[in-house]
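Asker: The sequence shown begins at -18 in the numbering used here and counts up by one. Shown below is the structure under consideration.
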Amino acid sequence: MEIITGDKKIQQNLNRSEIQEIVSYFQGLNESVILREIRQAFPQQKHLDKNLDFLVDHQILLRQNRRYQFCLNTIEANPTIEKVECFLHDSSADYTTEQLLVWLGEEAWSDRLEKTMAIDFPLAFRNHLENKHFRIVTINRGGDLTATLPNYFSNVDEPSLFPELATLIGDVNPEFFMNQIELVFDRVLSDRVPRRESIFLKSLLASGMIVSQPEWQMLIPVYEEVPSLDWTQQLDSDSRFFFARQLAERLLDKHESFTYLIKKKA
């Protein structure tokens, strides 16, 4: 089970190991407990009272009559499954899966939530890397991460996830990195050979964004115009959050991820 919220600062706190340990403890309880029992369960937590106050303040735990209990209802399935099927029925004849994924990543994706929720199913997620001229986006099903550049830079503090990319580029500044690979993109997109070998060129090859044989070319789709649909305008923020992730799962099907490049207009 995972607790999600639209507030990035709250989400960062929820992702802390101490908070996750407390949440897991309460999920396994069938009745409320007093503070002494909680302290016995977490003798090593130096900031236990503060962590409990945080969970109470954000309505994840209920504190009543000096007793504590988990108070979020757990959502066990995506609530927008039927809406996604309706959308696919209406849209699939006019747009390819690739076009719908690009539209999803650029226009329909939303991280906004009005409520804090507990969910018991995997969620797709989106990572991106950009500068003034290009944006690289990876949409992931969840679970194991594919070795794409957006995924790497979103998890740069965990180099063991992508050892080949970590060896090549380490913790290079993302903006500097994008400015360097932009030079490679410009040449490959104009059917020219990259000027010289570099860690930036090697990282593009290693992450499957370009290929050198039989000729230099992009391996991921490149878009300047995004397909225009207004379907998500019918949804409130919470529904749109789940709709985007359910649609990603359906469109990705058996693939773990999809990566594309947006060439921004000058």
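Quick reminder that beta carbons are idealized off the backbone N, C-alpha and C, glycines included. None of these values were measured; they are calculated from a predicted model.
On the criterion of 16 or more Cβ atoms from any shown chain inside 10 Å, does K245 qualify as buried, or is it exposed?
Answerer: exposed
Asker: Could you give the first and the last residue of the continuous beta strand (DSSP E) run that contains N109?
Answerer: The residue you asked about is not Asn; residue 109 is His in the sequence shown. Taken as a continuous stretch (DSSP letters only), the beta strand (DSSP E) holding H109 covers F106 to E111.
Asker: So, do the stretch 184 to 201 and the stretch 81 to 89 have three or more beta carbon pairs nearer to each other than 8 Å?
Answerer: no
Asker: Flag this pair as yes or no: are the beta carbons of L104 and R231 separated by less than 8 Å?
Answerer: no
Asker: What does Q45 pair with, by DSSP beta-bridge criteria?
Answerer: Answer is R48.
Asker: Here's a check: name, in chain order, each residue in its chain whose Cβ is nearer than 7 Å to the Cβ of I180, leaving out the five neighbours to either side.
Answerer: L149 and I150
Asker: Check each candidate in T55, M(-18) and L69 and name the one with the smallest Cα separation from L210.
Answerer: L69
Asker: Would you mind working out which of E(-17), Y241 and Q80 sits nearest D101, comparing C-alpha positions?
Answerer: E(-17)
Asker: Helix or strand or just coil, what does DSSP make of E139?
Answerer: Three-state result, E139: coil.
Asker: What does the Cβ neighbour count give for T119, buried or exposed, with the cut at 16 atoms within 10 Å?
Answerer: buried
Asker: Name the DSSP bridge partner or partners of N121?
Answerer: F106 and S238
Asker: Within 10 angstroms of the Cβ of P175, are there 16 or more other Cβ atoms? Answer buried if so, exposed if not.
Answerer: buried
Asker: Compute the distance between the beta-carbons of P144 and H109, then report whether it is under 8 Å.
Answerer: no
Asker: Identify the continuous beta strand (DSSP E) that holds A99 and give its terminal residues.
Answerer: From DSSP, the beta strand (DSSP E) with A99 extends over M98 to I100.
Asker: As a quick exercise: from F224, Q80 and E12, pick the residue whose alpha carbon is nearest that of Q45.
Answerer: Of the candidates F224, Q80 and E12, E12 places its Cα closest to the Cα of Q45.
Asker: Distance, Cα to Cα, T55 vs M98?
Answerer: 7 Å
Asker: Just checking, does the stretch 36 to 51 make contact with the stretch 164 to 175 on the three C-beta pairs under 8 Å criterion?
Answerer: no
Asker: Counting only the same chain and skipping the five closest in sequence on each side, list residues whose C-beta sits under 7 Å from that of Q8.
Answerer: The residues M(-18) and F51, in chain order, have a CB closer than 7 Å to that of Q8 in the same chain once the five nearest residues on each side in sequence are set aside.
Asker: Measure the C-alpha to C-alpha separation of Y133 and K183 and round it to an integer number of angstroms.
Answerer: 14 Å
Asker: Please go through the same chain and pick out, in chain order, the residues whose beta-carbon is closer than 6 Å to the beta-carbon of T240, but skip the five residues on each side of it.
Answerer: T119, T129 and I201
Asker: Does the stretch 23 to 38 come within contact of the stretch 70 to 78, defined as at least 3 CB pairs closer than 8 Å?
Answerer: The stretch 23 to 38 is not in contact with the stretch 70 to 78.
Asker: Can you check which of these residues, M159, V65 and S171, is closest to S220 by C-alpha distance?
Answerer: With respect to the C-alpha of S220, the residue from M159, V65 and S171 having the closest C-alpha is V65.
Asker: Count the other CB atoms, across all protein chains shown, that sit within 10 Å of the CB of T77; report buried if there are 16 or more and exposed otherwise.
Answerer: T77 is exposed by the Cβ-count criterion.
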